[in-house]
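Per our numbering, the sequence shown starts with residue 3, numbered consecutively. Quick notes on the structure that follows.
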Amino acid sequence: QVHPVESGGGLVQPGGSLRLSCVYGRGVSRLTAMGWYRQAPGKQRELFATIRSDGKRYSDSVKGRFTISRDNAKNTVYLQMDSLKPEDTAVYYCNPGDRRLIEYWGQGTQVTVSS
Numbered sequence: 003q004v005h006p007v008e009s010g011g012g013l014v015q016p017g018g019s020l021r022l023s024c025v026y027g028r029g030v031s032r033l034t035a036m037g038w039y040r041q042a043p044g045k046q047r048e049l050f051a052t053i054r055s056d057g058k059r060y061s062d063s064v065k066g067r068f069t070i071s072r073d074n075a076k077n078t079v080y081l082q083m084d085s086l087k088p089e090d091t092a093v094y095y096c097n098p099g100d101r102r103l104i105e106y107w108g109q110g111t112q113v114t115v116s117s
């Protein structure tokens with residue numbers, strides 16, 4: 003596997019929840035911070051959540067609503083998204099949190115929050 007493979011997106015009503023998964027390459031060290039990015043229509047791709055050995059970090063826009071986790075044995079990173087808002091609508095991607103380590107982007111998974 004060369005690029006990350008994201009899954010779990012879909013259409014959800016405001017206030018709903020989704021859980022995203024991302025399988026990344028075996029070449030990524032468990033010491034490498036992994037992150038979730040998202041890109042909304044007409045906007046730049048942004049990093050909003052990272053996880054590494056010393057903790058997790060979130061942007062203010064998702065803090066308290068989203069939870070990032072990781073299973074190193076499965077080379078998988080997860081994103082639990084609760085209390086979803088329409089402004090969370092975007093394509094979601096995972097990759098190392100340090101952009102200098104990114105080789106490829108996956109297809110992403112679409113999340114649409116709408117009533």
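Virtual Cβ for every residue (Gly too), placed ideally from N, Cα, C. Just so it is clear, the structure is predicted and the values come from calculations on it, not from any experiment.
What are the complete beta strand (DSSP E) segments, minimum 3 residues, inside the stretch 23-50?
36-41
When DSSP labels each residue in this structure, what does Asn-74 get in the three-state scheme?
As a working mapping, residue 74 is identified with position 72 in the sequence shown. If DSSP states are grouped into helix, strand and coil, Asn-74 belongs with the helices.
If you measure from the CB of Tyr-94, is any heavy atom of the ligand COA nearer than 7 Å?
This structure lacks the ligand COA, and indeed carries no ligand of any kind.
Assuming Tyr-106 and His-5 are in contact, meaning their beta carbons sit under 8 Å apart, how far apart are those beta carbons, in whole angstroms?
For the purposes of this step, residue 106 is identified with residue 104 of the sequence shown, where counting begins at 1. For the purposes of this step, residue 5 is identified with residue 3 of the sequence shown, where counting begins at 1. Confirmed, Cβ separation roughly 4 Å.
Starting from Val-64 and walking both ways along the beta strand (DSSP E), at which residues does that stretch end?
Counted from its first residue, the sequence shown places residue 64 at position 62. Here Val-64 belongs to no beta strand (DSSP E), and DSSP marks it neither H nor E.
Alpha carbons only, please: which of Gly-110, Arg-59, Thr-111, Arg-67 is nearest the one belonging to Gly-17?
As a first step, residue 17 must be located in the sequence shown, where it is residue number 15. Comparing Cα positions, the closest option is Arg-67.
Kindly indicate the opening and closing residues of the beta strand (DSSP E) around Gln-112.
For this step, residue 112 is matched to residue 110 along the sequence shown. Where Gln-112 is concerned, the enclosing beta strand (DSSP E) stretches over 111-115.
Between which two residues does the beta strand (DSSP E) harbouring Leu-86 extend?
Locating residue 86 in the sequence shown gives position 84, counting from the first residue. Note, Leu-86: premise wrong, no beta strand (DSSP E); not H, not E.
Sequence-distant residues of its chain with Cβ nearer than 6 Å to Asn-74 (five each side left out)
For the purposes of this step, residue 74 is identified with residue 72 of the sequence shown, where counting begins at 1. So the qualifying residues of the chain are Arg-32.
Distance check for Val-64 and Ser-85, CA to CA, integer angstroms please.
Locating residue 85 in the sequence shown gives position 83, counting from the first residue. Locating residue 64 in the sequence shown gives position 62, counting from the first residue. Ser-85 and Val-64: Cα-Cα distance of roughly 10 Å.
Val-30 to Ala-42, Cα distance in whole Å?
Position 28 of the sequence shown, counting from 1, holds the residue named residue 30. Position 40 of the sequence shown, counting from 1, holds the residue named residue 42. About 27 Å.
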